[in-house]
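Asks: Here it is: the structure, laid out below.
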Amino acid sequence: METIVRSLSPRLQGLRISSFQLLFPPLLRNENKDVLEELVGARILAVRRRGKLILIDCEKNLTLCFHLKMTGRILFCPKQEPLEKHTRFIISFEDKKQELRFGDVRKFGSLLLVPTSEVLESEELRSLGPEPLELDFSSFCQLFKGRSARLKSLLLDQSFVAGIGNIYADEILFRARLHPLTPGSFLRKPALRRLWQSTRETLASALAARGSSIRDYTDALGKEGNFQNFHQVYGRESLPCSSCGEKIARLRLGGRSTFFCPRCQKRKRP
DNA sequence: GCCACTGTTAGCAT
DNA sequence: CATGCTAACAGTGG
25 METIVRSLSP RLQGLRISSF QLLFPPLLRN ENKDVLEELV GARILAVRRR GKLILIDCEK
85 NLTLCFHLKM TGRILFCPKQ EPLEKHTRFI ISFEDKKQEL RFGDVRKFGS LLLVPTSEVL
145 ESEELRSLGP EPLELDFSSF CQLFKGRSAR LKSLLLDQSF VAGIGNIYAD EILFRARLHP
205 LTPGSFLRKP ALRRLWQSTR ETLASALAAR GSSIRDYTDA LGKEGNFQNF HQVYGRESLP
265 CSSCGEKIAR LRLGGRSTFF CPRCQKRKRP
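In terms of the numbering used here, the first sequence opens at residue 25 and continues consecutively.
If you want it as structure tokens, here you go:
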């Protein structure tokens, strides 16, 4: 997500929207389906991210909020490039041979146009927890007080902490040597310290590698990331643990596959 | 063909 | 409230 924003931001800033095509109307979640018309003539001011939402700020006090869900893709590419089958939305720009495309195989993705001045107070953003990289250690500890939910569930809970998905939750827990089913409140200072550090380091490494490209995930220019080559547990069931050689195990939690090393990530007080 | 699985989460049940 | 499971959808691979 962050990798997409970073690749997109310098390309989009300053461009003036000349037209758009909404190929799959349910993508747009606004009550008023005509709101997109207001975009025409507006210039793009900034591209930013909050949690897993991509926010494109435009003139006229308009912000486009994209959620990619499972299979959403944002691509900034030459108009002449053939449309992918699942293209749902296209924005064209004045004097520009490239356009912005939103593709989404499973149709879970969403787009909401909100006034920039209200975006921070919008329901979408207000319900989000803190950005993990902006938390100091003591605020991080506070989050876990009185939380009986399992660590993996907490990391995935966007109202607990924003922006962490299935891959990074597993990778973070492995690097912190914590079992995914450990209740949050069981953690004491040393374990919390490891988890805080691991969160920072895992996300920082993933960003440095420009994200994980499994299947066809890429940045907004179609370029793949490399972090999948550094995954220690995700997708590595029954392969040896890089640290101890034990076979990586897998369990299901809330419908999500969860990978971990049973030897390095011992369950606390079962 | 059938079944399991998929960078997610809203909505519902407990 | 907090927590956990299921469904929404379309495609892929065994």
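Cβ coordinates follow ideal geometry from the N, Cα and C atoms, glycine included.
Does the contact criterion of 3 or more C-beta pairs under 8 Å hold for the segment 87-103 versus the segment 123-130?
Replies: These segments touch.
Asks: Between which two residues does the beta strand (DSSP E) containing S236 stretch?
Replies: First-last for S236: undefined, no H or E at that position.
Asks: Between which two residues does the beta strand (DSSP E) containing A273 stretch?
Replies: Here the beta strand (DSSP E) through A273 covers 273-277.
Asks: So, is L175 buried or exposed, given that buried needs 16 or more other C-beta atoms within 10 angstroms?
Replies: So L175 ends up on the buried side.
Asks: Note down the Cα distance separating D128 from G96, rounded to an integer number of angstroms.
Replies: In a straight line, the C-alpha of D128 is about 4 Å away from that of G96.
Asks: May I have the straight-line CA-CA distance separating S226 from D194, to the nearest angstrom?
Replies: The residue asked about is misnamed: residue 226 is Thr in this sequence, not Ser. Roughly 10 Å between the two C-alpha positions.
Asks: May I have a chain-ordered list of the alpha helix (DSSP H) segments no shorter than 4 residues that lie completely inside the segment 88-167?
Replies: Fully enclosed alpha helix (DSSP H) runs of 4 or longer: 147-150.
Asks: By how many angstroms is the C-alpha of G65 removed from the C-alpha of E142?
Replies: Taking the straight line from one Cα to the other gives about 21 Å.
Asks: Evaluate contact between the segment 211-224 and the segment 56-74, counting only Cβ atoms and requiring at least three cross-stretch pairs below 8 Å.
Replies: Contact fails: fewer than three Cβ-Cβ distances are below 8 Å.
Asks: What's the gap between the Cα of C165 and the Cα of I196?
Replies: If I take the Cα positions, the gap works out to 16 Å.
Asks: Going straight from the alpha carbon of A232 to that of I80, what length do you get?
Replies: Approximately 23 Å between the Cα atoms of the pair.
Asks: Does the ligand FMN have a heavy atom nearer than 6 Å to the CB of R73?
Replies: As for the ligand FMN, it is missing from this structure, which has no ligand bound.
Asks: Beta carbon of Q295, beta carbon of H203: below 7 Å?
Replies: The structure shown has nothing for residue 295, since the chain only spans 25 to 294.
Asks: What whole-angstrom Cβ distance do S172 and S209 have, given they're in contact under 8 Å?
Replies: About 6 Å separates the two Cβ atoms, so the contact holds.
Asks: I need the straight-line Cα distance from G235 to L77, nearest angstrom please.
Replies: Their backbone Cα atoms lie some 16 Å apart in a straight line.
Asks: Is the Cβ-Cβ distance between S43 and L245 less than 7 Å?
Replies: No.
Asks: Expressed to the nearest angstrom, what Euclidean distance is found between the alpha-carbon atoms of A273 and G153?
Replies: Those two C-alpha atoms are separated by around 29 Å.
Asks: Please name the residue or residues paired with D81 in a DSSP beta bridge.
Replies: Answer is A70, T87, bridged to D81.
Asks: Count the other CB atoms, across all protein chains shown, that sit within 10 Å of the CB of I238; report buried if there are 16 or more and exposed otherwise.
Replies: Exposed, since its Cβ has fewer than 16 Cβ neighbours within 10 Å.
Asks: Beta-carbon separation of H91 and G133 under 7 Å?
Replies: Contact: yes.
Asks: Check this for me: beta carbons of S146 and V138, under 7 Å apart or not?
Replies: Going by C-beta atoms, S146 is nearer than 7 Å to V138.
Asks: Output the distance between the C-alpha atoms of C265 and S163, rounded to the nearest integer angstrom.
Replies: Answer to the nearest angstrom: the Cα atoms are 32 Å apart.
Asks: Mind checking who R40 pairs with in its DSSP beta bridge?
Replies: Looking at the DSSP assignment, R40 forms a beta bridge with R67.
Asks: Taking 7 Å as the threshold (C-beta atoms), are R67 and R40 in contact?
Replies: The answer is yes: Cβ separation under 7 Å.
Asks: Have a look at L107, L149, Q252 and flag the residue whose alpha-carbon is nearest the alpha-carbon of I191.
Replies: Nearest option by C-alpha distance: Q252.
Asks: Suppose contacts are defined by Cβ-Cβ distances below 7 Å. Is I28 in contact with D160 by that definition?
Replies: Their beta carbons are not under 7 Å apart, which means I28 does not touch D160 by this criterion.
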